[in-house]
């Protein structure tokens with residue numbers, strides 16, 4: 005297990021919902037450029053993120069995010085900077101809430117040294133294996149942003 | 002003075018709809034009590050159309066992030082059925098072991114993250130870290146072990162990559178099996194016993210609500226099955242071939258729900274851990290049977306809240322049977338196997354397995370080039386919706402005089418007991434900056 009993990013979340017079958025997976029796949033394809041980094045496609049199994057990040061030096065999570073931004077926008081943020089508006093986690097394990105998972109990790113005392121989230125505002129979350137044109141046109145920008153997180157010394 | 006109860010628990014998501022609990026009553030008279038749900042996503046059926054048989058598992062494994070192994074097996078078994086692909090006894094045992102890893106992942110998470118907080122009066126598992134740290138850490142340790150168990154056999158924790166028509170894409174060694182057998186015996190079994198103890202200590206807090214219910218599950222003459230067998234229910238001695246599953250699920254439309262409801266011998270039926278237990282409890286292995294006895298779970302139980310207890314029993318059963326299969330594999334010695342050559346042909350196939358939350362059906366029709374022409378996927382959550390509604394209708398009159406918050410909690414706990422699969426094919430964040 006390497007000290008740094010980059011996790012992509014979402015479904016590649018739901019258009020922009022899968023953007024996190026696409027970014028991580030692109031980075032994993034040139035993983036030799038990132039020694040000491042694990043890349044994980046964790047799909048929609050939210051609760052498992054808890055174990056993938058436990059006691060790492062750094063975790064970088066890339067996910068589709070409704071943030072009130074214009075479609076295609078990317079924002080880097082920490083758990084402490086946001087409140088989750090996600091409802092329904094109380095009725096079901098499904099559609100898990102990443103923010104709640106990070107809170108549990110902190111309560112257990114096994115949070116990574118630094119946890120960074122890259123949220124990408126979707127244009128379309130509906131059936132389809134392709135990203136929307138807006139996000140597709142910016143995929144390289146997203147990959148570069150996350151790559152810089154791995155090559156530059158940046159804290160929380 | 003009029004006494005009005007007005008409960009609206011809305012689970013609104015941005016993508017797939019909602020699952021709402023609605024109750025309106027005045028002076029003890031119930032005006033409306035409803036479990037409102039949308040159709041679970043059926044677009045995966047459209048997505049597999051036109052795709053080759055070899056793509057099916059990859060696509061359907063993304064239907065659900067928690068049941069991705071189960072969907073992989075249902076899809077793969079349907080492909081094997083349609084194209085006449087054989088699976089070796091060794092691969093069949095390894096598949097059972099893979100399935101059991103998912104059972105433990107899902108059941109432990111459900112019991113630990115949703116049921117136990119309810120019984121301890123907590124809003125989530127997070128505050129329990131401070132008050133019940135040992136129990137929470139045991140749950141997390143079991144979930145972590147189950148994830149690693151999945152990693153080993155399925156190739157990764159989420160959305161498996163080793164499950165292929167005809168077997169597995171990789172081979173497994175005696176030493177790997179020995180290593181996992183030791184871990185299950187030394188770490189997992191003691192932790193499961195500890196969790197059973199926690200649930201036992203809280204069992205008297207489960208609502209004592211019973212409603213005569215039809216329970217449907219797979220059944221098999223040789224073992225407590227999650228994987229092979231025929232369809233049966235507690236209302237019949239009939240065992241129906243899985244190829245006739247549409248005959249038992251009987252989908253119908255209810256005016257209050259955009260999701261189709263299902264029924265067999267009554268207006269509704271239940272699927273899931275309690276359904277399997279009620280049909281197959283006589284086949285539990287010794288430790289699982291002992292656990293059920295300690296927890297007071299008896300065949301014929303009609304209390305939906307006891308589904309959580311049945312999940313604990315099923316975790317023990319899964320590990321116990323996995324250990325038995327590991328012994329059999331080690332006795333025979335693991336052999337190197339290759340995936341069979343597939344002779345593509347036109348055909349139709351059905352795959353049926355028990356997902357942690359109930360029986361799951363996949364049906365595909367392939368053309369002569371092995372491209373999917375038609376698909377029908379019937380998930381357990383849809384099969385439970387009508388039963389949740391019938392439970393509500395029986396539960397609420399008996400508790401309508403209680404404080405509104407207590408009524409709401411009991412209704413939420415009832416839904417949670419079924420762990421409905423809502424928004425399972427997406428993950429997105431929904432945040433505001435502070």
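Chains as they are written, first to last, in the working numbering: chain A, 5 to 160; chain B, 2 to 435.
Idealized CB from N, CA, C, for every residue including glycine.
Note that the coordinates shown come from a computational prediction; the quantities given were computed from them, not determined experimentally.
Per the C-alpha coordinates, the member of B:368, B:340, B:374 and B:358 positioned closest to residue 92 of chain B is B:340. In the structure shown, residue 44 of chain B adopts helical secondary structure according to DSSP, grouped into three states. For residue 120 of chain B, the closest Cβ of chain A is not nearer than 8 Å. Classified as exposed, residue 434 of chain B has fewer than 16 neighbouring CB atoms from the shown chains inside 10 Å of its CB.
Residue contact with chain B for residue 103 of chain A: present (Cβ-Cβ distance below 8 Å to some residue of chain B).
A straight line joining the alpha-carbon of residue 188 of chain B with that of residue 46 of chain A spans about 25 Å. Look at the stretch 49-64 of chain B: the residues with a C-beta under 9 Å from a C-beta of chain A are 60, 62, 63 and 64. Residues 163 of the same chain have their beta carbon placed closer than 6 Å to that of residue 170 of chain B, with the five preceding and five following residues left out of the count. 158, 159 and 160: these are the residues of the stretch 149-161 of chain B whose beta carbon lies less than 7 Å from some beta carbon of chain A, given in chain order.
At least 8 Å separates the beta-carbon of residue 45 of chain B from that of residue 352 of chain B. The continuous alpha helix (DSSP H) containing residue 409 of chain B extends over residues 405-419. Note that the stretch 170-184 of chain B touches the stretch 316-331 of chain B; at least 3 beta-carbon pairs, one per stretch, sit closer than 8 Å. Taking 9 Å as the upper bound on Cβ-Cβ separation, chain B lies near residues 44, 45, 46, 47, 48, 49, 50, 51, 52, 54, 55, 56 and 58 of the stretch 43-61 of chain A. One thing to note: residue 83 of chain B has its Cβ within 8 Å of the Cβ of residue 367 of chain B.
A Cβ-Cβ contact shorter than 8 Å links residue 53 of chain A with residue 11 of chain A.
For residue 69 of chain A, the nearest beta carbon of chain B is closer than 8 Å to its own beta carbon.
Inside the stretch 88-138 of chain A, DSSP marks whole alpha helix (DSSP H) runs of 4 or more residues at positions 102-111, from first to last along the chain. According to the DSSP assignment, residue 217 of chain B belongs to the beta strand (DSSP E) that extends over 217-220. The alpha carbon of residue 5 of chain B has as its nearest neighbour, out of B:20, B:31 and B:334, the alpha carbon of B:31.
The shortest CA-to-CA distance from residue 300 of chain B to any of B:192, B:277 and B:208 is the one to B:277.
Residues of chain B with a Cβ closer than 8 Å to the Cβ of residue 88 of chain A are, in chain order, 430, 431 and 432. One Cα belongs to residue 115 of chain B, the other to residue 348 of chain B, and the distance between them is close to 42 Å.
At least 8 Å separates the CB of residue 73 of chain B from every CB of chain A.
Here the alpha carbon of residue 218 of chain B sits roughly 14 Å from the alpha carbon of residue 284 of chain B. Assigned with DSSP and collapsed to three states, residue 233 of chain B falls in strand. DSSP places residue 364 of chain B outside any alpha helix (DSSP H); the residue lies instead in the beta strand (DSSP E), whose first and last residues are 359-367.
Of the residues assessed, residue 392 of chain B falls on the buried side of the cut-off, its CB having 16 or more other CB atoms within 10 angstroms.
Between residue 14 of chain A and residue 67 of chain A, the beta carbon gap of about 6 Å places them in contact (Cβ cut-off 8 Å).
At a Cβ-Cβ threshold of 8 Å, residue 306 of chain B and residue 418 of chain B count as neighbours.
Counting along the chain, residue 36 of chain B sits inside the beta strand (DSSP E) bounded by residues 30-37. Following the DSSP letters along the chain, one finds residue 62 of chain A inside the beta strand (DSSP E) bounded by residues 62-70.
Residue 220 of chain B and residue 346 of chain B have their C-alpha atoms some 30 Å from each other. Listed along the chain, the chain A residues whose CB falls inside 7 Å of the CB of residue 44 of chain B are 131. Short of 6 Å from the beta carbon of residue 363 of chain B, and not among the five residues preceding or following it, lie these beta carbons of its own chain, in chain order: 75, 76, 79, 352 and 378.
Residue 30 of chain A is positioned such that its CB atom lies no closer than 8 Å to that of residue 78 of chain A.
Considering only B:383, B:110, B:373 and B:386, the residue with the shortest C-alpha distance to residue 52 of chain B is B:373.
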